[in-house]
Amino acid sequence: MAGRVILTDEWAYDRRAAVLDQGRLIAFFNDNAFDDTPRPGAVVAVRVARVFPDRDRISADLDGIPASLRLGRRQAPSPGQVILATVTAEPREGKPLQLRQGYFIEHRWFLADSTAGGLRLSQRLRQGGFTPPEGLEPSSCQITLRLGAASAPPDTLMEEIRIADDRIRAIKAMPALKPGVIENGPDAITTARQAFPDAEPVPGDDSTAWLQAGVDEQLEAALRPRVDLGGGGILHVSTPPGAAVFDGDSGDGDMTLRALAAAMVPAIARALVLRRISGPVVADFPRLNPADRKAIGASMVEAVEHDPLRPQCHGFEPGGLYTMTRPWRWRPLADLMAGDDRRLGLDALRLARAAAGGHDMAPAIRVPASVLAWLEGEGAAARLAALKSLAISPRFLSDEVISRPVRDETARS
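Residue numbering for the sequence shown follows the numbering used here, starting at 2 and increasing by one per position.
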């Protein structure tokens, strides 16, 4: 599969999007109808629970979903007050949903902010002497133009800003707020397209291209703690809560220290995006001389330049460790792939779909007992819709020994 593409798999109340570069998986996005948590970019109304001025934090409640946001320089709201906010990050590692007070729209060309007004330019645009299109004056928000605006067609840029301005105006004109989701954030497929605008969407969602590309196999491989760098080199990946550590090892190969470090750079950059790593990142490169260290540092900056979350590279510490920080937005890949009943139930339905592709119209799928209960309870609507679309009659069999759904080939009819 040549070039950078986006494959989609939208089926059984579940949306998945995979971004591949030359056939290699580089990013994955997923959402489904069973998850009530609002997505990043969602506009919500939340009830303030407590205010912590000394910690610059506000705890809030969104219909039973705990949330947290910064107080900032604004006047502190009162407990019980309902305020408008935008979801900035999904819950992860025991931390609640993260919000930002006000309505914000992030676009690759600009940031729209409902809490202020006027037009601003990013520092890099100002340094480059950029002149915004004539007549660009938002009326309901503040627009901060990003570097990408310099290469945007002026008419298209102004139209996108007008759309954002109108959306914010409509939200601000709403009557008294009630806690809940006002407007959800982009779904998995839209998010993939926004995060990788240079990737070409592959038409169709019948999962054929997905299966041919081996996306599910690549997802499983992405969570392994060791990455083969070629030439005997190995990259060890550790992701304790709130951080990530990468450690290079030449193993039994004959790679030079410089070659090992060079091979680590793209592998680290890919892992950050694919594994959805956020927070402090530490890379333990092999011992390098000053010239090689400088070159590797520059390569690392270049490697993450097009990361959708724009990590901040701090460089080499005196002790030799390379550090960076990646913003928090999406829950880790390990959480997405975790084997809860809902996820495993959807996996069981996919096994049934794969069986239908092989012309087995009554496959036997063995599942843990709790997964069978989900398929017959909360997931019944998804099961019935999926099976109706396939015109097959799979048998889901309870099995107390297995931990994941498996197809029972011995029971094939």
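Where a beta carbon is used, it is the ideal one built from N, C-alpha and C, also for glycine.
Ranked by how close their Cα comes to the Cα of L126, the residues D342, S152, A13 and I403 have S152 in first place. Residue pairing from DSSP places T324 in a beta bridge opposite V283 and G316. For R48 and D37, the gap between their C-alpha atoms comes out near 17 Å. Setting aside the 5 residues that flank it on each side, S399 is surrounded in the same chain by A370 and L373, each with a C-beta closer than 6 Å to its C-beta; the list follows chain order.
Residue range P291 to A304 is occupied by the alpha helix (DSSP H) that includes V302. Listed in chain order, the beta strand (DSSP E) elements of length 3 or more contained wholly in the region 37–93 are 44–53, 58–63, 66–71 and 83–90. Assignment of W12 by DSSP, reduced to helix, strand and coil, places it in the strand class. About 19 Å separates the beta carbons of L347 and R277, which is beyond the 8 Å limit, so they are not a contact pair. Taken in chain order, the unbroken stretches of beta strand (DSSP E) that lie wholly in the region 122–210 and span 3 residues or more are 143–146 and 181–184. If you draw a 10 Å sphere on the C-beta of D114, you find 16 or more other C-beta atoms in it, and that means buried.
Secondary structure note for D248: it is in no alpha helix (DSSP H), and the uninterrupted beta strand (DSSP E) holding it is A245 to D250.
When DSSP states are grouped into helix, strand and coil, L212 belongs to the helix group. Shown here, E401 sits in coil according to DSSP, grouped into three states, outside any helix or strand. The beta-carbon distance between P281 and A196, rounded to whole angstroms, is 22 Å. This is too long to meet the 8 Å contact definition.
The same chain holds no residue with a CB closer than 8 Å to that of A171 once the five nearest residues on each side in sequence are set aside. Between the alpha carbons of E303 and R271 lies a distance of about 13 Å. For the pair E218 and L8, the Cα-to-Cα distance works out to about 15 Å. DSSP places L310 in no beta strand (DSSP E); its state is neither H nor E. Using a 10 angstroms sphere on the CB of G186, the tally of other CB atoms reaches 16 or more, which defines it as buried.
The alpha-carbon of L337 is positioned some 43 Å away from that of T132. Contact check for L350 and V216: beta-carbon distance about 16 Å, past the 8 Å limit, so the pair fails to qualify.
Here G316 is actually not in contact with A264; their C-beta atoms are around 20 Å apart, not less than 8 Å. When DSSP reads this structure, E107 sits in a beta bridge with L112.
Closest in C-alpha terms to A353, from the list L385, E160 and N33, comes L385.
L21 is bridged by DSSP to V6 and L26.
If you look at I269, you'll find it in the alpha helix (DSSP H) that goes L258 to L275.
Segment contact: the region 242–261 against the region 283–291, three or more CB-CB distances shorter than 8 Å; contact assigned. For D229, the enclosing beta strand (DSSP E) has its first and last residue at R227 to G231.
About 7 Å separates the CB atoms of A387 and W12; that is less than 8 Å, so the two are in contact. According to DSSP, R367 shares a beta bridge with L398 and V407. Shortest Cα-Cα distance from A392 to any of V88, K295, A355 and F30 involves A355. Under a 10 Å Cβ-count criterion, Q99 is classified as buried, with 16 or more other Cβ atoms of the shown protein chains found around its own Cβ. By a beta-carbon distance limit of 8 Å, P97 contacts P67. Their separation comes to about 4 Å.
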